[in-house]
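Remarks on the structure that follows.
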Amino acid sequence: MQPQAFYRAVADDFSAVDGIIKKQLTSKVPLVSKIGDYITSAGGKRLRPLLVLLCGKALGREGDDLRLLAATIEFLHTATLLHDDVVDMSGMRRGRETANAMWGNAPSVLVGDFLYSRSFEMMVELGSMPVMKILSQATRIIAEGEVLQLSKVRDASTTEETYMEVIRGKTAMLFEASTHSAAALCGATAEQAEALRTFGDHLGVAFQLVDDLLDYRGDAETLGKNVGDDLAEGKPTLPLIYTMREGTPEQAALVRKAIQKGGIEDLEAIRAAVEASGSLDYTAQLARDFVARAIKCLEALPASEYRDALVELSEFAVARTH
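So the sequence shown is numbered by the UniProt record's numbering: it starts at 1 and just counts up by one.
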């Protein structure tokens, strides 16, 4: 499936959002602009601003406010990436060096702070209290999700329930905030707003499930990051949790030891164990289930090319290889 189809539906708006991002990155401190431009030009999918545009247009909204909201969401997302890479000590993202690898941790954290601050300035410019409430709450929940994940590093007793709580906070929340804030900006009905909020949550969960699956089934060149990064950091993601729960005693012991130790010395053995235990198939099926539920939510929207694009985007989220 080619992703261009769902971008094409809002091509002009998407181009305008790029212009807003470039303009809002301007700072009198050159290093701020340099790092900000480096990470925003890294060729990411920009799915979250795309969701804002598609949801807004599906609700009949046109104009600059929708574009500004989309750019605001991208600034929030980019800020989290800068901070995450420092926390995770990541050296590679989207196929090239991370900002912290290029400039160091301190500038990356501070430019992340700049992007957060700029996003709140943009929210004020929007002048919508419902949008500000959704996005400010989302920012807090994302931070809580990241801290919860950090507290579970090298904890082999982490359950699937806790894992789901982590990914709902750290990933799905911004998907949900994207779709929910678009609904709020457009003055959607209560039913539509709740349907789009739930759609964003389910899509975000599915997206992270596929990410965690690809950490064991993907390759570094396709992924744009190092395979086994989660294992190296001792993160108990679902493929590992399932293997410890449902795999053979030997598979469970291997994974448990790897989580507690961290590192990727046993990566190939772990990849073999998670595949043999059925955990990758389980994770993939769970992702497909969440996407099916997400697509069901879209029935609350009137039929349009934008609703169709949201369906295609959802299907792409679980079919992707990076």
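Note that beta-carbon positions come from the ideal geometry of N, C-alpha and C, so glycine has one too.
Scanning the segment 92 to 126 for uninterrupted alpha helix (DSSP H) segments of 4 residues or longer gives 99 to 103, 105 to 126, listed from N- to C-terminal end. Of Thr-248, Ala-284, Ala-79, Leu-51, the smallest CA-CA separation from Leu-213 is found for Ala-284. The Cβ neighbour count for Leu-31, taken over all protein chains shown within 10 Å, is under 16; the residue is labelled exposed. Going by C-alpha positions, Lys-133 is about 37 angstroms away from Gly-228. Here the alpha carbon of Asp-215 sits roughly 7 angstroms from the alpha carbon of Asp-230. Considering only Ala-184, Arg-46, Gly-218, the residue with the shortest C-alpha distance to Leu-126 is Ala-184. Leu-174 is positioned such that its CB atom lies closer than 8 angstroms to that of His-77. A straight line joining the alpha-carbon of Asp-13 with that of Val-205 spans about 26 angstroms. Three or more Cβ pairs drawn from the segment 46 to 58 and the segment 305 to 315 lie within less than 8 angstroms of each other, which places the two stretches in contact. With respect to Ser-108, Asp-88 sits apart: the two C-beta atoms are not nearer than 8 angstroms.
Here Thr-243 is buried: its Cβ has 16 or more other Cβ atoms, across all protein chains shown, within 10 Å. Annotation: the continuous alpha helix (DSSP H) that includes Gly-204 extends over 190 to 217.
Per the C-alpha coordinates, the member of Arg-154, Glu-191, Phe-75, Ala-188 positioned closest to Leu-240 is Arg-154.
In terms of CA proximity to Arg-217, Ala-272 leads the group Ile-259, Lys-28, Ala-272, Lys-257. Runs of the alpha helix (DSSP H) lying entirely within the segment 24 to 90, each at least 4 residues long, are 30 to 40, 47 to 58, 64 to 88 in chain order. A contact between stretches requires three or more CB pairs, one per stretch, nearer than 8 angstroms, and the segment 286 to 306 fails this requirement with the segment 243 to 252.
Within the same chain, Gln-24, Phe-75 come within 7 angstroms of Arg-118 by CB-CB distance, once the 5 residues on both sides are set aside.
With at least 16 other beta carbons inside 10 angstroms of its own, Thr-139 counts as buried. Secondary structure of Gly-169 (DSSP, three-state): helix. By the neighbour-count definition (other C-beta atoms within 10 Å, threshold 16), Arg-8 is an exposed residue. When DSSP states are grouped into helix, strand and coil, Ser-314 belongs to the helix group. Between Ala-71 and Val-124, the alpha-carbon positions lie close to 13 angstroms from each other. Taking 8 angstroms as the cut-off, the beta carbon of Val-318 is found no closer than this to the beta carbon of Ala-269. For Arg-293, the closest of Glu-305, Lys-257, Ile-73, Arg-197 by C-alpha to C-alpha distance is Arg-197. With contacts defined by Cβ atoms closer than 8 angstroms, Thr-158 and Pro-236 form a contacting pair.
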